[in-house]
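Numbered by the numbering used here, the letters in the sequence shown go through residues 1 to 419 in order. Note that the Cβ used here is the ideal one computed from N, Cα and C, for glycine as well. Every value quoted in this text rests on a predicted model; they were computed, and no experiment measured them.
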Amino acid sequence: MNKNREKMYELAREAYKECGIDTDAVIERLKNVPISIQCWQGDDVKGFENSGPLTGGIQTTGNYPGAARNIEELQKDFEKAASLIPGRKKLCLHAIYLDNKGESVPRDQIKPEHYDSWIKWAKKNGFGLNIDPTCFSHPYSEDGFTLSHHDDKIRKFWIDHVIATRKIAEYIGKEMGEVCTSNYWIPDGFKDIPVDRKGYRERLEDSLDQIFAVEVDPKYNVAGLEGKVFGIGAESCTIGSNDFYLGYCAKKNQFLTLDSGHFHPTEVISDKISTALQFTPGLLLHVSRPVRWDSDHVVIFDDELKAIAQEIVRSNAMDRIHIGLDFFDASINRIAAWAIGARNIQKALLFAMLEPTQLLKNLELNMNYTHRLALLEELKTMPFEAVWDKYCDVCGVPCGIEWLNEVDKYEQEVLSKRK
Ligand code: RNT
Ligand code: ZN
1 MNKNREKMYE LAREAYKECG IDTDAVIERL KNVPISIQCW QGDDVKGFEN
51 SGPLTGGIQT TGNYPGAARN IEELQKDFEK AASLIPGRKK LCLHAIYLDN
101 KGESVPRDQI KPEHYDSWIK WAKKNGFGLN IDPTCFSHPY SEDGFTLSHH
151 DDKIRKFWID HVIATRKIAE YIGKEMGEVC TSNYWIPDGF KDIPVDRKGY
201 RERLEDSLDQ IFAVEVDPKY NVAGLEGKVF GIGAESCTIG SNDFYLGYCA
251 KKNQFLTLDS GHFHPTEVIS DKISTALQFT PGLLLHVSRP VRWDSDHVVI
301 FDDELKAIAQ EIVRSNAMDR IHIGLDFFDA SINRIAAWAI GARNIQKALL
351 FAMLEPTQLL KNLELNMNYT HRLALLEELK TMPFEAVWDK YCDVCGVPCG
401 IEWLNEVDKY EQEVLSKRK
């Protein structure tokens, strides 16, 4: 870190100290909070099954050159991105990112060995690993239904796929010596107004019951259920809505996933975290950014991101919340997309941790809302940037915009050569 930045940090440290915040301690704490980073930003959610197009109500748009075409490229790209992102990183895989060694493996028959090369790579690089079942982009999901399908054969196929992924996740957890999280996102839904919502939801419940009947050690795998308001081609009804899963998770003691892009435009997950924590064993977060119809824009440092981070930090339940990212943008440099989004969630967490929370809570309890608002507003212009730079420096990643030079260089040397 250059001299000016060091000086700025010293001043910032003093300023925060006056508010009762120990910036060095905050930096040490944040360094160890794992962030799950989605592998699918690197290749536009294609995976390595060599099968059909992306379906299931999600879309990537744009054709920025240089997308990863195989496991090796995706790994190299992620290593580059990771070198620009401070903090502990886990890579989140989807089942379709298996290493099938050129042989096609049906999704209900995937095995732990198909992910061994990922485990080896993650260990070598000091990354954690998570894995999700892939219930989309498949001939058996083409008519819009998987775990709620009325055809028992198809439904069974998807149950078996999720169970297979469940066992793989537990295996990965054991290999990595820490919990491997899985997000269950089931795209099932109707384009037009359905008649039998109840029947589909009952079948989804039954499928989940069968899946969770296969026990895994919660030390090594936990699964979160992710609701959604609508998808492209499933505008009228999503079987796995947030209400459905909140009810299911509360009743059956499962983790809930909240994706910040999956709600009505004025509905925010920052207001849902405390409720979900109260009635479920824990949460997975898919931190994303909704824009119009899309739920998956690159995460920016906006008010809702700050509010999400504040809720995480203020909840005192960080051990029950697994923070993950979910966005995919094919219209900009994909490594930059990873770096921007992941640096932003880190920024938001740092910003939240630099808050004198107890003081604010006391003001609130004393109904001193004037002071609460005044203080919250003053905090916004504290010398945050200096602490952020110090955090990046401590983590050995570039401060400020310097990371972008690395991306440009990599684009020139590596990405632009991919045809
Ligand atoms: C889709 C969900 C889901 C996916 C990933 C690829 O709307 O958010 O989480 O984005 O599983
Ligand atoms: Zn998601």
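Helix, strand or coil at residue i according to DSSP, with G and I counted as helix
i           : result
residue 54  : coil
residue 259 : strand
residue 186 : coil
residue 147 : coil
residue 234 : strand
residue 61  : coil
residue 194 : coil
residue 342 : helix
residue 45  : coil
residue 83  : coil
Candidates the options, of which the one nearest residue i by Cα
i           : options               : result
residue 126 : 326, 310 and 75       : 75
residue 403 : 413, 392 and 33       : 392
residue 439 : 407, 408, 417 and 399 : The first residue shown for the chain is 1 and the last is 419, placing residue 439 beyond what the model contains.
residue 44  : 24, 12, 116 and 333   : 333
residue 314 : 293, 281 and 348      : 348
residue 196 : 149, 17 and 342       : 149
residue 86  : 28, 164, 52 and 135   : 28
residue 270 : 33, 278 and 304       : 304
residue 233 : 246, 220 and 141      : 141
residue 7   : 383, 38 and 206       : 383
residue 103 : 48, 211 and 235       : 48
residue 180 : 364, 337 and 321      : 321
residue 263 : 229, 239, 284 and 331 : 229
residue 70  : 83, 59 and 117        : 117
residue 131 : 64, 37, 157 and 58    : 37
Integer Cβ distance of residue i from residue j, believed to fall under 8 Å
i           : j           : result
residue 244 : residue 227 : 6 Å
residue 372 : residue 354 : Going by Cβ atoms, the distance from residue 372 to residue 354 rounds to 17 Å, so no, they are not a contact pair.
residue 35  : residue 107 : Rounded, the Cβ-Cβ distance is 27 Å, inconsistent with contact.
residue 335 : residue 77  : 6 Å
residue 201 : residue 239 : 6 Å
residue 176 : residue 95  : That pair is no contact at about 17 Å.
residue 39  : residue 91  : 5 Å
Heavy atom of the ligand RNT within 8 Å of residue i beta-carbon
i           : result
residue 130 : no
residue 264 : no
residue 273 : no
residue 117 : no
residue 83  : no
residue 36  : no
residue 296 : yes
residue 187 : yes
residue 94  : yes
Quiz prompt | Chain-ordered residues, beta carbon under 5 Å from a heavy atom of the ligand ZN | solution = Near the ligand ZN, residues with a Cβ at less than 5 Å from any of the ligand's heavy atoms are 259, 286 and 326; the list follows chain order.
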